[in-house]
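Chemist: Mind having a look at this structure? Questions to follow.
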Amino acid sequence: MPQVARPRSPHLDIYRWQIQMVSSILHRAAGVALAAGSVLLVCLLTSLASGPAAYAKVQGFAGSIVGMIVLLGFTWSLAYHLLNGLRHLLEDTGRGFAIKTFVMTGWVAVIGSFVLTALVWACVLLQRGGA
Amino acid sequence: MSRPNLQTPLKQVRGLGSARGGTHHFIVQRITAIALVPLSLWLVWLLLSLVHLDYAGARALLATPCHAVLMAAFVLAAFWHAQLGLQVVIEDYVHTPGLEIALQIAVKFLCVLGALACTLAIVRIALGS
Chain A
1 MPQVARPRSP HLDIYRWQIQ MVSSILHRAA GVALAAGSVL LVCLLTSLAS GPAAYAKVQG
61 FAGSIVGMIV LLGFTWSLAY HLLNGLRHLL EDTGRGFAIK TFVMTGWVAV IGSFVLTALV
121 WACVLLQRGG A
Chain B
1 MSRPNLQTPL KQVRGLGSAR GGTHHFIVQR ITAIALVPLS LWLVWLLLSL VHLDYAGARA
61 LLATPCHAVL MAAFVLAAFW HAQLGLQVVI EDYVHTPGLE IALQIAVKFL CVLGALACTL
121 AIVRIALGS
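Protein sequence lines correspond, in order, to chains A and B. Using the numbering used here, you'd call the opening residue of the first sequence number 1 and step up by one each time. Using the numbering used here, you'd call the opening residue of the second sequence number 1 and step up by one each time.
Structural data, given as structure tokens:
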């Protein structure tokens with residue numbers, strides 16, 4: 001046994017934040033968020049099957065401020081998980097592991113997720129007449 | 001019967017046997033992921049189409065066989081993929097023995113219930129019942 005207390009393996013709070021770890025953590029977080037958000041899809045489909053009254057409630061929630069924020073979060077989670085998931089599938093083939101490439105594709109996933117989210121919500125707001 | 005035991009001593013003590021099934025989890029996670037790439041793009045398009053539709057219009061759109069089938073495919077792939085992903089998250093972060101098992105079972109039950117509820121709703125919409 002060593003006489004001196006040796007440093008233990010450094011944990012997350014020791015590291016400088018970098019895209020390699022951020023892209024990985026976000027992938028999980030977005031995945032969990034999407035799983036939680038699947039409740040919304042269940043509500044949408046069951047209300048559509050139930051009738052106009054139930055569907056109006058879901059529409060009311062989707063159009064409210066809280067609903068829009070939740071849906072915005074859902075959109076970003078889907079966009080990010082989709083793009084970073086494609087990155088994972090690329091890496092499954094053994095490509096994209098050079099540090100430079102890995103960092104670049106990480107930024108593509110992060111920035112691209114915001115671009116996709118903006119595009120989707122531009123479509124939503126245009127359809128709603130800029131409301 | 002004295003077959004040689006190839007497990008590590010640690011595995012024997014834990015009594016869990018070898019992992020073996022990990023590859024199946026990995027492959028199904030990838031297959032559902034690949035399926036979800038086009039399906040989620042379609043879903044976003046569909047949801048955007050719903051924005052300007054009223055109840056009757058939304059229901060009529062989803063009742064078309066093409067969209068009903070795609071929605072069922074999305075729901076099944078998504079809940080399957082979600083279950084696989086949540087399973088790994090729980091394995092990684094929850095180490096309290098009873099709680100871990102309870103969460104693993106709860107996630108599986110909830111994913112199956114979600115998939116069934118959505119499937120029944122899609123069938124009702126498609127059949128107009």
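Yeah, the Cβ is synthetic: ideal placement off N, Cα and C, and Gly gets one too. As the structure is a prediction and not an experimental result, all values here were calculated from the model.
For Gln59(A), which three-state DSSP category applies?
Modeler: Correct three-state label for Gln59(A): helix.
Chemist: Does any residue of chain B have a CB that is nearer than 8 Å to the CB of Ser24(A)?
Modeler: Not closer than 8 Å to any Cβ of chain B, the Cβ of Ser24(A) fails to qualify, so no.
Chemist: Using a Cβ-Cβ cut-off of 8 Å, state whether Val28(B) counts as contacting chain A.
Modeler: Chain A contact via Cβ: absent.
Chemist: Taking beta-carbon pairs under 8 Å, can you tell me which members of the stretch 79 to 105 of chain A lie near chain B?
Modeler: Those residues of the stretch 79 to 105 of chain A that come within reach of chain B (Cβ to Cβ, closer than 8 Å) are Leu82, Gly85, Leu86, His88, Leu89, Asp92.
Chemist: Spell out a yes or no on whether the stretch 66 to 73 of chain B and the stretch 35 to 49 of chain B are touching, meaning 3 or more CB-CB pairs, one atom from each, closer than 8 Å.
Modeler: Cβ pair count under 8 Å is three or more, so yes.
Chemist: Check each residue of the stretch 91 to 112 of chain B: if its Cβ is closer than 7 Å to any Cβ of chain A, include it; give the result in chain order.
Modeler: Against chain A - using a Cβ distance shorter than 7 Å - the stretch 91 to 112 of chain B contributes no residues.
Chemist: Just reading off the alpha helix (DSSP H) that His67(B) is part of, what are its end residues?
Modeler: Looking at the DSSP string, the run of the alpha helix (DSSP H) that includes His67(B) is 65 to 93.
Chemist: Between the beta-carbon of Ala82(B) and the beta-carbon of Ala109(A), is there less than 8 Å?
Modeler: Cβ distance not < 8 Å, so Ala82(B) and Ala109(A) don't count as in contact.
Chemist: What's the gap between the Cα of Phe102(A) and the Cα of Ala115(B)?
Modeler: Their backbone Cα atoms lie some 35 Å apart in a straight line.
Chemist: Between which two residues does the alpha helix (DSSP H) containing Ala79(A) stretch?
Modeler: Taken as a continuous stretch (DSSP letters only), the alpha helix (DSSP H) holding Ala79(A) covers 65 to 92.
Chemist: Around the Cβ of Gln18(A), are there at least 16 other Cβ atoms within 10 angstroms (buried) or fewer (exposed)?
Modeler: It is exposed - the Cβ of Gln18(A) has fewer than 16 other Cβ atoms within 10 Å.
Chemist: Cutting at 7 Å between CB atoms, please list the residues of its own chain near Leu71(A), excluding the five before and the five after it.
Modeler: Here the set comprises Ala62.
Chemist: Identify which residue in Val124(A), Trp107(A), Ser50(A) has its Cα closest to the Cα of Ile122(B).
Modeler: The shortest C-alpha separation from Ile122(B) is found at Ser50(A).
Chemist: Within the chosen definition, does the stretch 79 to 95 of chain A reach the stretch 103 to 122 of chain A through at least 3 CB pairs nearer than 8 Å?
Modeler: Taking 8 Å as the limit for Cβ pairs, the verdict is that the stretch 103 to 122 of chain A does touch the stretch 79 to 95 of chain A.
Chemist: Looking at chain A, is there any beta carbon in it that lies within less than 8 Å of the beta carbon of Ala58(B)?
Modeler: Interface residue, yes.
Chemist: Determine whether the Cβ of Val89(B) lies closer than 8 Å to any Cβ atom of chain D.
Modeler: As a matter of chain content, chain D is missing from the structure shown, whose protein chains are A and B.
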